[in-house]
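*Asks:* Attaching a single structure in structure tokens format; questions to follow.
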């Protein structure tokens, strides 16, 4: 029996409400002896930690640095080595494209080509979104019999391409040459299957049409395709856990990941206060609330230790908005670490706190990595979180007699 | 996707140098309240631990006592339940025999038989190596059509036998009766497959020839065969991790295990100082240096607590030779525990320290089992070590977008 079969077998209804607060990239590394979380003044989280069970979580496997996709899928209980979400799919989800099983998605970069078709600028000078939208409009005029073509603006030079209506393969080479002074590469099939050969032909035909459509444009007179990915529907939250779940997340990718597992995605402004207020506004309508705060990760990626500390303190100052709702289960954790000293996602275990009247309570007085590890949850894998949250919320029956 | 597929996908080159220092059998049990490692005066390791991340590692599974083979394979990232290295193969590796895929290896004991062919001494009085070599020379005169027979002296009464050139099975019964006063047992196939029946026949024919060749010798006038094992090549370090790795190990078995995974095996004297000096001499030529110190295990097996403490202190006193090289990543750990009070390999988790500028740093002031467990690495499995070392050394790319 696998994990999901176990969950489906044991899931049961309860009135309890669960809040999963994800502070993206929260885990850190010490600067002058303390991590960002240890350095932050967090009276509400500290008090909560002293009444909670705590531990650390390994997002994928020890030593593996997760992207946002695997990091979140693991938090949602999906083994990220089993459920691989390609970059094209994440782009499509990011622009709220209603992707379907069998769709082929890719990331698009608008680029500037010279008169001989060689790449002058792989990002077309980071064109404004307006030009991006106009170029997408032109590309939408292309018709290839038997398939539907969708292209949606992301931001600046980035867009998402989706093909629908045929038997596609995503085992294809990318067209971005990764340098200037050479032409974009053709799409090549990476295996001999008929669908790989056919999909490569279709895409090369599409790229010819794009070249014709954009040849008099500037600076965006070409496109580069990367991250081909076929969409395969994954088991839904409702089916696995029986949960009526929603996502409160300001950023497109996290909204996309939540929609992928079947959560209702709530319209919200991005930011600690508006997202927490949105949670309060919705309170009672769902069993499970995924709240995503992006800025801990952003400031970590900026390498700005102090600014990351400030975001953590901002979250703490607004925590009473959540505490006042008296959620039956409240977890605070992260999808991965983004230590400011490292300036990027990293493999380090992430902080975890689970507050509920059934939590064992650790001898912890501060919400910081070095204290949390002493909690009775120990060091878990992130895919273990969902069963724990359900258990604390009375949503899992006993296994076996 | 399995671990090795993941590693192959994420591996990337970096200039960082990794040192894996294995103190064989380091983990201990307390005598008068402190383990060998806790009792040892280890100022350099203590200082290092306070600047490192720490934890404990379970070599195979909780409760499982590993031999040297599984213990080391796990450290090298190979699931020891999936990659089983038979005792015959370890013997062949131990004598530096260039074993090939499909070879059948076995351990040989020279024994003394009486006039009726019954075993008088299962170890032939622990004959000197010289007699062993002379007996091997005689056995090499045996010819069986269609196969090659190799026999190599190990030490005292022990040798390694290797058959090559046919389709063999290793699902065979051993010939050592494990007691005196009875004749050696014939080899029996343990299943009905043609290759099992055939291999048993070949070996019994070989044993008849040996009996004839040695019948006038003494005290070594017979052999006993144990640990039949077919050799199957396992994935190499270079392919899985992209590492240019070497092994600095004085003892044959560890040199053999390192060569099995494709490390360059460096000629060295056995001992803390010569091995550490060899590392310094080679510094820069490899990405990954496996350094193996045997004596912690030997003194543990002797049941000599004080002597094991002394070996640990000797390692500590020479640690500056390694520290002065400023390795980017330095791990100190063990393949298994060999508590002196227990006097044998045991199942207890082993100490682990990872020093690198990207280590989270635990609140630990002494390199001892009870402190290490508080580190943020928690309790890992030994197969998790390699990905962690690669991550700290910048040798693994991000997983997923």
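Residue numbers (the working numbering), protein chains in the order written: chain A, 1 to 401; chain B, 1001 to 1401.
Just so you know, even glycine gets a beta-carbon here, dropped at the ideal spot from N, CA and C.
Please report the Cβ distance between residue 1295 of chain B and residue 1248 of chain B, rounded to the nearest whole angstrom; I am assuming they are in contact, meaning their Cβ atoms lie under 8 Å.
*Replies:* Wrong, their Cβ atoms sit about 15 Å apart, outside the cutoff.
*Asks:* Under 9 Å between the Cβ atoms of residue 300 of chain A and residue 342 of chain A?
*Replies:* yes
*Asks:* Is the distance from the Cβ of residue 1346 of chain B to the Cβ of residue 1065 of chain B below 9 Å?
*Replies:* yes
*Asks:* Mind checking whether residue 340 of chain A and residue 29 of chain A have CB atoms under 9 Å apart?
*Replies:* Yes.
*Asks:* Do the stretch 211–226 of chain A and the stretch 121–128 of chain A make contact, defined as three or more Cβ pairs closer than 8 Å?
*Replies:* Output reads yes: the stretch 121–128 of chain A touches the stretch 211–226 of chain A.
*Asks:* Does any heavy atom of the ligand MN sit closer than 8 Å to the C-beta of residue 35 of chain A?
*Replies:* As presented, the structure is devoid of all ligands, the ligand MN included, so that no description of it is given.
*Asks:* Here's a check: name, in chain order, each residue in its chain whose Cβ is nearer than 7 Å to the Cβ of residue 1135 of chain B, leaving out the five neighbours to either side.
*Replies:* 1110, 1214, 1217 and 1220
*Asks:* Sort out for me which residues DSSP pairs residue 1224 of chain B with in a bridge.
*Replies:* B/1109
*Asks:* DSSP puts residue 11 of chain A in a beta bridge; with which residues?
*Replies:* DSSP, once it has assigned bridges, lists A/396 as partnering residue 11 of chain A.
*Asks:* Does the stretch 1275–1282 of chain B come close enough to the stretch 1082–1101 of chain B that 3 or more CB-CB pairs lie under 8 Å?
*Replies:* no
*Asks:* Tell me the DSSP bridge mates of residue 150 of chain A?
*Replies:* A/162
*Asks:* Could one say the Cβ of residue 1333 of chain B lies closer than 9 Å to chain A's Cβ atoms, at least one of them?
*Replies:* no
*Asks:* Whether or not the stretch 1160–1180 of chain B and the stretch 1139–1152 of chain B are in contact is what I'm after, with contact meaning three or more pairs of Cβ atoms, one per stretch, closer than 8 Å; do they touch?
*Replies:* The stretch 1139–1152 of chain B vs the stretch 1160–1180 of chain B: in contact.
*Asks:* Residue 1003 of chain B to residue 1059 of chain B, Cα distance in whole Å?
*Replies:* Rounded to whole angstroms, the separation of the alpha carbons of residue 1059 of chain B and residue 1003 of chain B is 17 Å.
*Asks:* Per the DSSP calculation, residue 1292 of chain B is bridged to which residue(s)?
*Replies:* Under the DSSP definition of a beta bridge, residue 1292 of chain B partners with B/1022 and B/1249.
*Asks:* Taking the alpha-carbon of residue 204 of chain A as reference, which of A/173, A/232 and A/230 has the nearest alpha-carbon?
*Replies:* A/173
*Asks:* Mind reading off the beta-carbon distance from residue 62 of chain A to residue 1384 of chain B? Whole number of angstroms is fine, and I expect it under 8 Å.
*Replies:* Contact between residue 62 of chain A and residue 1384 of chain B holds, with the beta-carbon distance rounding to 4 Å and staying under 8 Å.
*Asks:* Buried or exposed, going by whether 16 or more other CB atoms sit within 10 Å of the CB of residue 115 of chain A?
*Replies:* Exposed, by the Cβ-count rule.
*Asks:* Can you find the residues in the same chain that come closer than 6 Å, C-beta to C-beta, to residue 327 of chain A, ignoring five residues on each side of it along the sequence?
*Replies:* 17 and 19
*Asks:* Counting only the same chain and skipping the five closest in sequence on each side, list residues whose C-beta sits under 7 Å from that of residue 1170 of chain B.
*Replies:* 1086, 1104, 1228, 1229 and 1230
*Asks:* Got a sec: is the Cβ-Cβ distance from residue 1308 of chain B to anything in chain A below 9 Å?
*Replies:* no
*Asks:* How would you list, in chain order, the residues of chain A whose beta-carbon sits under 7 Å from the beta-carbon of residue 1399 of chain B?
*Replies:* 60, 64, 65, 66, 67 and 70
*Asks:* Compare the C-beta of residue 1034 of chain B against all C-beta atoms of chain E and say whether one is closer than 9 Å.
*Replies:* Reference to chain E is not applicable here, since the protein chains of this structure are A and B.
*Asks:* For residue 392 of chain A, which residues of its own chain have a beta-carbon under 7 Å away from its beta-carbon, when the five flanking residues on both sides are left out?
*Replies:* 329, 354, 356, 358 and 359
*Asks:* Looking only at DSSP bridge pairs, what is residue 57 of chain A linked to?
*Replies:* A/350 and A/380
*Asks:* Assuming contact is defined by CB atoms lying nearer than 9 Å, are residue 1365 of chain B and residue 1092 of chain B in contact in what I supplied?
*Replies:* In this structure, residue 1092 of chain B does not lie closer than 9 Å to residue 1365 of chain B by Cβ.
*Asks:* Since residue 1332 of chain B sits in a beta bridge, which residues does DSSP pair it with?
*Replies:* B/1021 and B/1353
*Asks:* Select from the stretch 1363–1380 of chain B all residues with a C-beta closer than 8 Å to any C-beta belonging to chain A, and list them in chain order.
*Replies:* 1363, 1374, 1375, 1376, 1377, 1378, 1379 and 1380
*Asks:* For residue 198 of chain A, which residues in chain B fall below 9 Å Cβ to Cβ?
*Replies:* Under the 9 Å cutoff, chain B gives no residues; its nearest Cβ is about 26 Å from residue 198 of chain A.
*Asks:* Within its chain, find whatever has a CB closer than 7 Å to the CB of residue 1375 of chain B; leave out the 5 residues flanking it on each side and keep chain order.
*Replies:* 1053, 1054, 1055, 1362 and 1364
*Asks:* Any beta carbon from chain B within less than 9 Å of residue 344 of chain A's own beta carbon?
*Replies:* yes
*Asks:* Do you know whose CA, among B/1011, B/1386, B/1316 and B/1120, lies nearest residue 1043 of chain B's CA?
*Replies:* B/1316
*Asks:* Within a Cβ cutoff of 8 Å, which residues of the same chain sit near residue 480 of chain A, ignoring the five residues on either side of it in sequence?
*Replies:* Residue 480 of chain A lies beyond the residue range present for chain A, which begins at 1 and ends at 401; the question has no answer from this structure.
*Asks:* Please identify the residue among B/1233, B/1371 and B/1298 whose C-alpha is closest to the C-alpha of residue 1082 of chain B.
*Replies:* B/1233
*Asks:* Determine whether the Cβ of residue 318 of chain A lies closer than 9 Å to any Cβ atom of chain B.
*Replies:* No, residue 318 of chain A lies away from the interface with chain B (no Cβ there is under 9 Å from its Cβ).
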